[in-house]
Amino acid sequence: MSLCRIDGLKESDPIKPWFAAAEETGEYIGIRFGHIAPGKTEPDWFYLPHSEVDGIGGFADLLRRRGAEICRLPQIKHPAARSRLAVLKNAPKFLLPRRKLKWIPFEDTTRICTNAEPPAAVAWHVFDENTTTQIRRVCRKSSVTVNSFLLKHLTKAIRQFLEDQSASIPWMIPINLRGKITRGSDIANHSSYVSVKVRSYDTIRDIHRRIYAALAHGDHWANWYAYDSSRILTAGMLRYLIKIEKCMAEWHIGAFSNLGDWDAEKKLTATGCKGDWLFAPPVLRCQHIGAGCVTFQNRLTLLIQAHPELTTCSEVPQAWMESWVKEIQMDLASLLPETA
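The opening residue of the sequence shown carries number 832 in this note's numbering; numbering runs sequentially from there.
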């Protein structure tokens, strides 16, 4: 097993105190990973604390523990330079009112909160290699990212469960900062985020442009340095800001995170690595949905979970997932008619 690490000057961790404070308020901060071994239909679940790792780091850690040799983790590609001035440009967002979207009431939902445990409401889907290739082909042909493609269809799937189906839906999108920041361990938190609002009439290209506009504006650096500046706050202050839902620049319906493409050449042959892998970011009271995806050995998987304050009934995210997959399949059929 390879335990390759990045050498260099260790920077402070602006994320860990926030997740530690969230845990103290009763939130479950474990990043959910699932492994469906060959021949199996149900995943084995693993949870790694977000106070210690981010999604990419956690996934690499799990693979390494199972015999994978992974020396270099994905690096940030966007050229936006590090800048503390970005905080000033984004500061007004923290002062804006937080308008939450209302859900159509769910049926047969227990709504029993068990925040100290992993969310009970979860659903997943695995695309075969052929469908994964089709998704990539459509995105390349349209000059958009797989992220934008998936987020468009996820939002459309979620929208039908909201009272106001014409509303803009705000998402948090984690951004990998490896290559621009250095931590003591390459699996530690290297992630910031940008916020993207998806309107009912947005195309995939609209979403793609909005994500890259946020990156060009330096929103990910603004959020990183905002958290870095919060080191002067006490743990009690952090807990209070989490309680009043001021722990992020603005309110999000949830987080959508893509760990990217892993081992497309299928070089990882360790028995414990084979199969399909699932991933979803944690959920919070102020961020009820955690939607994640990862492509491992050319098979894309989707995973979605709900915060227990929203629902503990798995039928709810299962309905979201079925709608999400249907939207993707319908788009593929229309754009690749020869494969329909």
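The beta-carbon is built from N, C-alpha and C at its ideal position, and this holds for glycine as well.
>> As an exercise, report each continuous beta strand (DSSP E) stretch of at least 3 residues that is fully enclosed by the region 1075-1142, in chain order.
In response: 1085-1093, 1107-1111, 1120-1127 and 1130-1137
> Just how far apart, CA to CA, sit residue 1126 and residue 915?
Replying inline: 33 Å
> In whole angstroms, what is the alpha-carbon distance linking residue 1158 and residue 898?
Replying inline: 37 Å
> Roughly how many angstroms separate the alpha carbons of residue 977 and residue 903, rounded to a whole number?
Replying inline: 22 Å
> Just how far apart, CA to CA, sit residue 869 and residue 962?
Replying inline: 19 Å
> For residue 879, which beta-bridge partners are listed by DSSP?
Replying inline: BP columns for residue 879 point to 862.
> Can you tell me whether residue 994 is buried or exposed, with buried defined as 16 or more other CB within 10 angstroms of its CB?
Replying inline: exposed
> Who are the Cβ neighbours of residue 861 in its own chain at under 8 Å, not counting the five residues just before and after it?
Replying inline: 878, 879, 880, 881, 949 and 1113
> Cα separation between residue 1080 and residue 1056?
Replying inline: Their backbone Cα atoms lie some 12 Å apart in a straight line.
> Closest to residue 1082 by CA distance: which of 1028, 1104, 1106 and 1166 is it?
Replying inline: 1028
> Excluding five sequence neighbours on each side, which residues of the same chain lie with their C-beta closer than 6 Å to the C-beta of residue 1105?
Replying inline: 869
>> Among 1089, 1142, 1132 and 1103, whose alpha-carbon lies nearest the alpha-carbon of residue 1115?
In response: 1142
>> Beta-carbon within less than 6 Å of residue 979's beta-carbon, same chain only, minus the 5 sequence neighbours each way: which residues are those?
In response: 1035, 1038 and 1039
>> Let's see if you can read the secondary structure: which residues bound the beta strand (DSSP E) around residue 956?
In response: Annotation for residue 956: the continuous beta strand (DSSP E) segment containing it runs 953-957.
> Whose C-alpha, out of 1066, 1096 and 901, is nearest the C-alpha of residue 846?
Replying inline: 1066
>> My assumption, with CB atoms under 8 Å, is that residue 1120 sits in contact with residue 1000. Please give the rounded CB distance.
In response: Going by Cβ atoms, the distance from residue 1120 to residue 1000 rounds to 10 Å, so no, they are not a contact pair.
> Contact check, residue 1006 vs residue 1025 under 8 Å by CB: the rounded distance?
Replying inline: 6 Å
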